[in-house]
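Asks: Line by line, the protein sequences are chains A and B.
Counted from 1, the first sequence has number 19 at position 19 by UniProt numbering; the numbering is strictly sequential.
Counted from 1, the second sequence has number 154 at position 154 by UniProt numbering; the numbering is strictly sequential.
Here's a structure for you.
There are 2 protein chains.
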Amino acid sequence: MTKADQGREELLREVVGVAVPNWAIRVVQLNNVVATRLGVTDTDVQCLHALDRHGPATPGELAKLVNLTTGSASRMIDRLVAADCVRRVPDPTDRRRVLIEPTQHGIDRVGQAYAGLITRTRDDLDDFTDDELRVVLRFVTAAEESTANEVHRLQTGP
Amino acid sequence: MTKADQGREELLREVVGVAVPNWAIRVVQLNNVVATRLGVTDTDVQCLHALDRHGPATPGELAKLVNLTTGSASRMIDRLVAADCVRRVPDPTDRRRVLIEPTQHGIDRVGQAYAGLITRTRDDLDDFTDDELRVVLRFVTAAEESTANEVHRLQTGP
DNA sequence: CATAATTCACTGCGTGGCGCAGCTACTTTG
DNA sequence: CAAAGTAGCTGCGCCACGCAGTGAATTATG
């Protein structure tokens, strides 16, 4: 292995080390603290996030997205309805199904909880040039996809 | 606002949008799936991570790190001891205190669970030049620190 | 077309993690 | 040497979750 390879290896190790263990731990911590402050479960916060990204979804879909059984998802929705964060809407095309959609109050709640981190992250990015921002975007996009793939592999694989 | 500013604004929005809601959600999901596969709690996995980063710690410190009361931390440690993932070691300088340190088995467990994501992330980084890797490192380092600060603010703030 | 099989979402019940309050043991302080 | 402070550990109640079963609605089958 040449000297240049050693340098790159060191660089790779550092990036992965910061991104995967360190940053990931902080994100999980943040999610937990946010949930505590909102007076709901970690899972409930994930559910609101999922609705924000995915749009209206059925209880069954939400159960898959947050890794719960349909029974537990049903009670989770009960909690979120009681907290005025989501609404149950009958599916017009299939009378068995129910669509869950976030209320404005629910959108605001989760948005406010994460506003601080978003502001901080934008401030961090002020130091980057446009070209550098594109590099960062390539990375976070790839990382998000890889993480999603890994989640899927572990959920379904051996 | 000039055209260039609009472009940068769009870029910023995209980077933040992918990094904070999307990627963060995936990371929380992954943590949950890993915990389920290991047959332990999300909190337990966080605790093992914290020990990996922080080194041996007292139950009180661990309670703070994973956002639990000392009572719950005590039972969490009971579970991890039963699963042969951590060890209780008396502190020689203060006989009230106990140091928790991970066992080799515990280190291996959490390491194997995250090996897949680490491999994927390294593969993602193959496409980046050394200079680009340094840009990515600047970002993830800043993001990790900002997330940590935000956790601290929410835990202690109003 | 009638009927069986499937797919939804939704409940009783038991398990277990968690916070709260109180406890003992030890250390520090005056 | 007593009083206060700090460490970790337990009874108790609460509630989120998985499991198993129910009813309603849809789709497949003879």
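Using N, Cα and C, we set each Cβ at its ideal position, and we do this for glycine too.
Is residue 155 (chain B) close to chain A, meaning its C-beta is less than 8 Å from at least one C-beta of that chain?
Replies: Counting from one through the second sequence, the residue named residue 155 (chain B) turns up at place 155. Chain A contact via Cβ: present.
Asks: Out of B:114, B:13 and B:125, which has the shortest C-alpha to C-alpha gap to residue 35 (chain B)?
Replies: Translated into the one-based positions of the second sequence, residue 35 (chain B) becomes position 35. Nearest of B:114, B:13 and B:125 to residue 35 (chain B), Cα basis: B:114.
Asks: Do the region 75-84 of chain B and the region 36-53 of chain B make contact, defined as three or more Cβ pairs closer than 8 Å?
Replies: yes
Asks: Quick check on this structure: which residue in A:124, A:70 and A:101 has the alpha carbon closest to the alpha carbon of residue 135 (chain B)?
Replies: Against the second sequence, residue 135 (chain B) aligns to sequence position 135. Per the Cα distances, A:124.
Asks: For the region 13-46 of chain B, which segments carrying the alpha helix (DSSP H) assignment without a break, of at least 4 residues, lie completely within its bounds, in sequence order?
Replies: Within the region 13-46 of chain B, the runs of alpha helix (DSSP H) that reach at least 4 residues and sit entirely inside it are, in chain order, 24-38.
Asks: Counting only C-beta atoms, is residue 25 (chain B) closer than 8 Å to chain A at any point?
Replies: Start at 1 with the first residue of the second sequence, and residue 25 (chain B) comes out as number 25. Yes, residue 25 (chain B) lies at the interface with chain A (some Cβ there is under 8 Å from its Cβ).
Asks: Tell me which residue opens and which closes the alpha helix (DSSP H) that residue 59 (chain B) is part of.
Replies: The residue labelled residue 59 (chain B) in the question sits at position 59 within the second sequence. DSSP places residue 59 (chain B) inside the alpha helix (DSSP H), whose first and last residues are 59-65.
Asks: Determine the contact status of residue 133 (chain B) and residue 65 (chain A), defining contact as a CB-CB distance below 8 Å.
Replies: In the second sequence, residue 133 (chain B) corresponds to position 133, counting from 1. In the first sequence, residue 65 (chain A) corresponds to position 65, counting from 1. Cβ distance not < 8 Å, so residue 133 (chain B) and residue 65 (chain A) don't count as in contact.
Asks: If you pair each beta-carbon of the region 96-105 of chain B with each one of the region 56-71 of chain B, do three or more pairs fall below 8 Å?
Replies: Cβ pair count under 8 Å is three or more, so yes.
Asks: So what's residue 88 (chain B) in DSSP terms, helix, strand or just coil?
Replies: Position 88 of the second sequence, counted from the first residue, corresponds to residue 88 (chain B). Assignment of residue 88 (chain B) by DSSP, reduced to helix, strand and coil, places it in the strand class.
Asks: Secondary structure at residue 117 (chain B), three-state DSSP: helix, strand or coil?
Replies: As a position in the second sequence, residue 117 (chain B) is number 117, starting the count at 1. Helix at residue 117 (chain B).
Asks: Who are the neighbours of residue 21 (chain B) on chain A, taking C-beta pairs under 8 Å?
Replies: Your numbering for residue 21 (chain B) matches position 21 in the second sequence. By Cβ distance, chain A contributes 49, 52, 53 and 114.
Asks: Using three-state DSSP, classify residue 68 (chain B) as helix, strand or coil.
Replies: Sequence index remark: in the second sequence, residue 68 (chain B) carries index 68 (1-based). Secondary structure of residue 68 (chain B) (DSSP, three-state): coil.
Asks: Sort out for me which residues DSSP pairs residue 100 (chain A) with in a bridge.
Replies: One-based indexing of the first sequence puts residue 100 (chain A) at position 100. Per DSSP, the beta-bridge partners of residue 100 (chain A) are A:57 and A:88.
Asks: Taking 7 Å as the cut-off, is the C-beta of residue 53 (chain B) nearer than that to any heavy atom in the ligand GDP?
Replies: Although the ligand GDP was asked about, the structure shown includes no ligands whatsoever.
Asks: Given this structure, state the Cα-to-Cα distance separating residue 38 (chain B) from residue 25 (chain A), to the nearest angstrom.
Replies: Here residue 38 (chain B) is taken as the residue at index 38 of the second sequence, counted from 1. Here residue 25 (chain A) is taken as the residue at index 25 of the first sequence, counted from 1. Cα to Cα, residue 38 (chain B) sits roughly 17 Å from residue 25 (chain A).
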